[in-house]
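Since the structure comes first, as structure tokens, the remarks are kept for the end.
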Amino acid sequence: MHPATPRRRLAAVLAGVSCLFLPLLGSHAATAAVDPAKAAADTPAVPFGSHSKPYAAGTLKPSGTQSALDQAVIKTYNAWKSAFVRKNCGNGWYEVISPDADHPYVAEAQGYGMVVTATMAGADPEAKTVFDGMVKYVLAHPSVNNANLLAAEQNASCKSVDGSDSATDGDLDVAYGLLLADRQWGSGGTYNYKDLAVKHINAIKKSEINPTTHLTLLGDWSDSGEEHYWMTRSSDWMIDHFRAFRTATGDSTWDTVRTAHQKLITNQQSAYASSTGLLADFVVNTNGTAKPAPGEVLEGPNDGDYSWNACRDPWRIGADAVTSGDSASLASARKLNSWIKTKTGGNPDKIVSGYRLNGSAFDSGNDMAFTAPFVVTALTDSGSQAWLDALWKKLAGTSIDPDLYYGGSVQLQSMIVASGNYWVP
996 MHPATPRRRL
1006 AAVLAGVSCL
1016 FLPLLGSHAA
1026 TAAVDPAKAA
1036 ADTPAVPFGS
1046 HSKPYAAGTL
1056 KPSGTQSALD
1066 QAVIKTYNAW
1076 KSAFVRKNCG
1086 NGWYEVISPD
1096 ADHPYVAEAQ
1106 GYGMVVTATM
1116 AGADPEAKTV
1126 FDGMVKYVLA
1136 HPSVNNANLL
1146 AAEQNASCKS
1156 VDGSDSATDG
1166 DLDVAYGLLL
1176 ADRQWGSGGT
1186 YNYKDLAVKH
1196 INAIKKSEIN
1206 PTTHLTLLGD
1216 WSDSGEEHYW
1226 MTRSSDWMID
1236 HFRAFRTATG
1246 DSTWDTVRTA
1256 HQKLITNQQS
1266 AYASSTGLLA
1276 DFVVNTNGTA
1286 KPAPGEVLEG
1296 PNDGDYSWNA
1306 CRDPWRIGAD
1316 AVTSGDSASL
1326 ASARKLNSWI
1336 KTKTGGNPDK
1346 IVSGYRLNGS
1356 AFDSGNDMAF
1366 TAPFVVTALT
1376 DSGSQAWLDA
1386 LWKKLAGTSI
1396 DPDLYYGGSV
1406 QLQSMIVASG
1416 NYWVP
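Here the sequence shown is numbered in the numbering used here, starting from 996 and rising by one per residue.
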């Protein structure tokens, strides 16, 4: 059995809303004649920059005008799209390329692409066309174990490889992206987004949720006879996604799943990182006393540390905190924020790419995958305005590196949340 998630990126380790924003869209802002009927169908219900779904009371926002914040996100989005959104394999597919992963195309990247593209509708007139091309790609690459899930890895020819099984993080975002699309454009077009989303959500429940612990499995390749069955990856604990799945399906199982993950986050922070709030990449022994991985269990010697998976946790936990106002998510996010603000003395340049759970650094590098997520947890603390502004300035002033898809994708999505443009379908 092979690990269904890509090993961490070697390159990284080594190294009128539409009218307001169209001038920033560069070559994507075509001036050709538009079919009025198609234009109406492509008009999103929640256009980027509308801010029609406010965050929880007390949530901070980076200083500056809302327009300036939105434009900074669009600038980063355009650079991200130019660098990583491709039509390399024909068939009407759009795919997100991942030059710093161990395969050119990975499920995680396609999930990011769908969530980002649906969210940016209204700023990008191509959004629905691109999104539908991404849906077509996903449907053409089913997991061998569950056809309603996405195969985790494709080669340069867009052919699924390494067993054609799934990776949970990619599937969670694919389903979430489909729900966003249903809210944006309805489900009466080329694809019934809602139907596809529900099928994907039910497949996640069947094949990627441990029925005993209600925690995420690593992929649909991990079953009760497999050594990773009682293990879970902290970057898959997407609390807001579980809320959206509950709303979409009416299935109370997703309340159980959400609560199980929130309890685990609280427990892991309290028991193993009381002074930092940091979570490990992987947690083992989930059928007993769950604990950080004791060294390498899937990807490398830092599987039990805050490394290349867990670095996304402040973004994921913080996104739920600001959109739901949930007390558990807020408490977890504030622990992370308080620690990193103190650790760096309020200087984002001092965030490094790897920490032990006690807060000591084991790496001296810098990467947006580690820096950017903390801008989201900073939103949750009323005393962190200066820290939030420093982080935002760092993110908005950092260009997308076309060789580093992972850091760039985390940077963009963290900026979307921090600017007030994230919402839960």
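Note that beta-carbon positions come from the ideal geometry of N, C-alpha and C, so glycine has one too.
Sub-8 angstroms separation of residue 1255 and residue 1275 beta-carbons:
no
Compute the distance between the beta-carbons of residue 1057 and residue 1316, then report whether it is under 8 angstroms.
no
Can you confirm whether the stretch 1109-1129 touches the stretch 1036-1046 when touching is taken to mean that 3 or more C-beta pairs between the two stretches lie within less than 8 angstroms?
yes
Using the C-alpha atoms, what's the distance from residue 1269 back to residue 1330?
9 angstroms
Burial state of residue 1282 (16 or more Cβ within 10 Å)
exposed
Using CA atoms only, rank isn't needed, just tell me which of 1306, 1239 and 1210 is closest to residue 1257.
1210
Considering only C-alpha positions, which residue in the set 1396, 1369 and 1301 is nearest to residue 1358?
1301
Identify every residue that forms a DSSP beta bridge with residue 1204.
1211
Cβ distance (whole Å) where residue 1074 is taken to contact residue 1395 below 8 angstroms:
4 angstroms
Could you compute how far the alpha carbon of residue 1017 sits from the alpha carbon of residue 1179?
Note on residue 1017: pLDDT 36, under 50, position unreliable in the model; the coordinate value appears next. Roughly 19 angstroms between the two C-alpha positions.
Nearest-angstrom Cα distance between residue 1353 and residue 1404?
27 angstroms
Would you identify the three-state DSSP class for residue 1317, choosing helix, strand or coil?
helix
Taking 8 angstroms as the threshold, find out whether the stretch 1133-1152 comes into contact with the stretch 1088-1105 through three or more Cβ pairs.
yes
Is it buried or exposed for residue 1042, if we count other Cβ within 10 angstroms and need 16 for buried?
buried
Rounded straight-line distance, which links the Cα of residue 1055 to that of residue 1381
11 angstroms
Buried versus exposed, by CB contacts within 10 Å (16 or more), residue 1344:
exposed
Helix, strand or coil for residue 1394? Go by DSSP, reduced to three states.
coil
DSSP beta-bridge partners for residue 1148?
1101
Here's the rule: buried if 16 or more other CB atoms are within 10 angstroms of the residue's CB, otherwise exposed. What is residue 1266?
exposed
Excluding the 5 residues preceding and the 5 following residue 939 in the sequence, name in chain order all residues of the same chain whose CB lies nearer than 7 angstroms to its CB.
Shown here, the chain extends from 996 to 1420; a query on residue 939 therefore has no answer.
Do residue 1347 and residue 1409 have their C-beta atoms within less than 8 angstroms of each other?
no
I'd like the list of long-range same chain contacts for residue 1189, defined as Cβ closer than 6 angstroms, with 5 residues on each side in sequence excluded.
1177 and 1182
As an exercise, report each continuous alpha helix (DSSP H) stretch of at least 4 residues that is fully enclosed by the stretch 1055-1142, in chain order.
1061-1079, 1102-1114 and 1122-1134
Quick check: the Cα distance between residue 1087 and residue 1397, rounded to an integer number of angstroms?
23 angstroms
Residue 1048 in three-state terms, based on DSSP:
coil
Per the DSSP calculation, residue 1287 is bridged to which residue(s)?
1278
Near residue 1202, what residues of its chain come up, given a Cβ to Cβ distance below 6 angstroms and the 5 sequence neighbours on each side ignored?
1141 and 1215
Can you give me the C-alpha to C-alpha distance between residue 1027 and residue 1187, rounded to a whole angstrom?
For residue 1027, the predicted model reports a pLDDT of 42, less than 50, meaning its position is unreliable; a value from the coordinates is still stated below. Residue 1027 and residue 1187: Cα-Cα distance of roughly 28 angstroms.
Could you give the distance in angstroms between the alpha-carbon of residue 1294 and the alpha-carbon of residue 1271?
23 angstroms
Using the C-alpha atoms, what's the distance from residue 1401 back to residue 1355?
24 angstroms
Can you find the residues in the same chain that come closer than 8 angstroms, C-beta to C-beta, to residue 1279, ignoring five residues on each side of it along the sequence?
1225, 1226, 1285, 1286, 1287, 1288, 1289 and 1292
In chain order, what are the residue ranges of uninterrupted alpha helix (DSSP H) at least 4 long that sit wholly in the stretch 1348-1393?
1363-1366, 1369-1373 and 1380-1391
Whose C-alpha, out of 1153, 1159 and 1350, is nearest the C-alpha of residue 1144?
1159
Enclosing alpha helix (DSSP H) for residue 1442 [first to last residue]
The requested residue 1442 is not part of the displayed model; the chain covers only 996 to 1420.
Look at the alpha carbon of residue 1020 and the alpha carbon of residue 1040, and state the distance between them as a whole number of angstroms.
Legend: pLDDT at residue 1020 = 39, less than 50; position of this residue unreliable, value from coordinates given subsequently. If you take the alpha carbons of residue 1020 and residue 1040, they lie about 20 angstroms apart.
Measure the C-alpha to C-alpha separation of residue 1387 and residue 1366 and round it to an integer number of angstroms.
10 angstroms
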